[in-house]
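Residues in the sequence shown are numbered consecutively from 55, following my numbering.
Read through the structure below, which is laid out as structure tokens, and then see the notes.
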Amino acid sequence: MSWFILIIAGLFEVAWAVGLKYTEGFTRFWPSAGTLTAMAVSVGLLGLAMKELPVGTAYAVWTGVGAVGTAILGIYLLGDPATPARLVCLGMIACGIVGLKVVSG
């Protein structure tokens, strides 16, 4: 269950990272409220996952899910570049996340 919670925490990290773009420096109320809520949920779920998972593994997976998810949404929503090298690097991060799961049990 901790791994599931950790992945959900990572997805909320993606939500707040992308949400930051829409807050326009926290000058827009609703995007700012949603972003701050996603931040709180993300960190709260990370803390729950860390009750059973090693801190280094949990943090690395959380940031990895956030980084890959944010980059992918940046490509689809915001027109960020999708160069082959960038996609390969994102794939390597994803492989690292899977690797940590495999070796952590």
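Note that the Cβ used here is the ideal one computed from N, Cα and C, for glycine as well.
Remember, predicted model here, so these are calculated numbers, not experimental data.
By DSSP, does Thr-137 sit in helix, in strand, or in coil?
coil
Spatially closest choice to Met-104 from Leu-60, Val-68, Val-72 and Asp-134, by CA coordinates:
Leu-60
Return the first residue and the last residue of the alpha helix (DSSP H) that Gly-101 is part of.
83–103
Near Ala-92, what residues of its chain come up, given a Cβ to Cβ distance below 7 Å and the 5 sequence neighbours on each side ignored?
Phe-66, Ala-69, Trp-70 and Gly-73
Could you check where the alpha helix (DSSP H) with Phe-80 kicks off and where it finishes?
Where Phe-80 is concerned, there is no enclosing alpha helix (DSSP H), given that its DSSP letter is neither H nor E.
Leu-100: CB within 6 Å of a non-hydrogen atom of the ligand HEM:
Of the ligands one can find in the structure shown there are none, so the ligand HEM has no counterpart to examine.
If you follow the alpha helix (DSSP H) that Leu-127 is part of, which residue opens it and which one closes it?
109–132
Where Arg-82 and Tyr-76 are concerned, what is the direct C-alpha to C-alpha distance, given to the nearest angstrom?
8 Å
Measuring CB to CB, does Ala-121 end up less than 7 Å from Ile-151?
no
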